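Chemist: Okay, handing you the structure first.
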């Protein structure tokens, strides 16, 4: 594997990891918000 | 992506933008819009957070169905000009990744819907994904020119799911919303099929213009417009919508019928015909659905 190929793979892995982290963070926020909404509605 | 070098094959992970492209974001906008309208037109009040979660799940499910559709059709997509630049036929992603992404997204959306919204909407959501992938993509599309008539049901589910998310059940109006999109799909897709006929023929997909010819397709567009028009206006006389919806639906449907009639009775010239009336009908049909569902919500909220 050439250094250019290695660099390309690293770049892809990094951008995918960042997107995945953002999505997981958004999911945590959403689950928290839904839990609060359910508690307010008395479905807890 | 698979990069082939002189003596070996190098596997490069697909870019996240290609995963996004796999979900067909443009198609998703219409799905999200009709689902949102179904939810907002339903009686009762939905908590905004729960409503947002339901719409998100519907969008993810649509993305999952689109990804699985592209996974299954990667070979035929490579044969059509319109689709050959998609991530799989263009070789930017391997099929296994697309399959895992589609199944994962679909499973996640259904579980999330069941846990945080309600069971009825989760069940209909699961049925809609399976219907699109198994019944439409795998079974009907490669076999029969009636593929989009029955397959149209897949695209008709979103407003019904939106309604079920808001109410926890499926009422007659939810079925009517389903019927509107179900009956709208044939004239919409056949108008498209008329001007991309050669593409479908090259891929061996038995779309109606390829199998039965242009004349029959034009007749069918005209015929299917009749029940579609009836379903579109029906919420008004049946008392599910008010006068605002009634007037706008009648006018916009008449315009649709006018364009469909023009397409139905037209004969395209063999050379140099740009298929303008067909392109116009296709474009208007998308706007028509936006108008119909948008005014349904306006009618419920503004005139309430």
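Chains as they are written, first to last, in the working numbering: chain S, 28 to 71; chain U, 2 to 305.
Backbone N, C-alpha and C fix where the C-beta goes; we use that ideal spot for every residue, glycine too.
Please read all numbers here as calculations on a predicted model, not as lab measurements.
Who are the near neighbours of residue 53 of chain S in its chain, counting only those whose CB is closer than 7 Å to its CB and skipping five residues on each side?
Modeler: Contacts found: none.
Chemist: Are the C-beta of residue 58 of chain S and some C-beta of chain U separated by less than 9 Å?
Modeler: Yes, because at least one Cβ of chain U sits closer than 9 Å to the Cβ of residue 58 of chain S.
Chemist: Using the beta-carbon count (16 or more within 10 Å), is residue 239 of chain U buried or exposed?
Modeler: It is exposed - the Cβ of residue 239 of chain U has fewer than 16 other Cβ atoms within 10 Å.
Chemist: Beta-carbon within less than 6 Å of residue 81 of chain U's beta-carbon, same chain only, minus the 5 sequence neighbours each way: which residues are those?
Modeler: The answer, listed in chain order, is 200, 204.
Chemist: Counting only runs of 4+ residues fully inside the region 63-147 of chain U, write out the alpha helix (DSSP H) ranges in chain order.
Modeler: Listed in chain order, the complete alpha helix (DSSP H) runs (minimum 4 residues) inside the region 63-147 of chain U are 75-78, 96-117, 120-131.
Chemist: At a CB-CB cut-off below 9 Å, which residues of chain S make contact with residue 51 of chain U?
Modeler: What residue 51 of chain U touches in chain S: 61, 64, 65, 68.
Chemist: So residue 78 of chain U and residue 85 of chain U are supposed to be a Cβ contact under 8 Å. How far apart are they, rounded?
Modeler: The Cβ separation is near 6 Å, so the contact holds.
Chemist: Give the residues of chain S in contact with residue 102 of chain U, contact being defined as C-beta atoms less than 9 Å apart.
Modeler: Within 9 Å Cβ-Cβ: nothing; residue 102 of chain U doesn't reach chain S, min ~12 Å.
Chemist: According to DSSP, is residue 28 of chain S part of a helix, a strand, or is it coil?
Modeler: Here residue 28 of chain S sits in coil by DSSP.
Chemist: Can you round the beta-carbon distance between residue 71 of chain U and residue 87 of chain U to whole angstroms, since I take them to be within the 8 Å contact cut?
Modeler: Contact holds; Cβ gap of about 6 Å.
Chemist: Helix, strand or coil: which one does DSSP assign to residue 45 of chain U?
Modeler: Coil, per DSSP.
Chemist: Determine the contact status of residue 148 of chain U and residue 208 of chain U, defining contact as a CB-CB distance below 9 Å.
Modeler: Cβ atoms of residue 148 of chain U and residue 208 of chain U: closer than 9 Å.
Chemist: Closer than 8 Å by beta-carbon distance: list the chain S residues that pair up with residue 132 of chain U, in chain order.
Modeler: Near residue 132 of chain U there are no residues of chain S at all, since even the closest Cβ is about 27 Å away, more than 8 Å.
Chemist: Going along chain A in order, which residues have a C-beta closer than 8 Å to the C-beta of residue 40 of chain S?
Modeler: Of the protein chains in this structure, namely S and U, none is chain A.
Chemist: So that I know if they touch, is there some Cβ in chain U lying closer than 9 Å to that of residue 46 of chain S?
Modeler: Cβ-Cβ to chain U under 9 Å: yes for residue 46 of chain S.
Chemist: Should the region 160-180 of chain U be regarded as contacting the region 112-127 of chain U, the criterion being three or more beta carbon pairs within less than 8 Å?
Modeler: With the cut-off at 8 Å, the region 160-180 of chain U and the region 112-127 of chain U touch.
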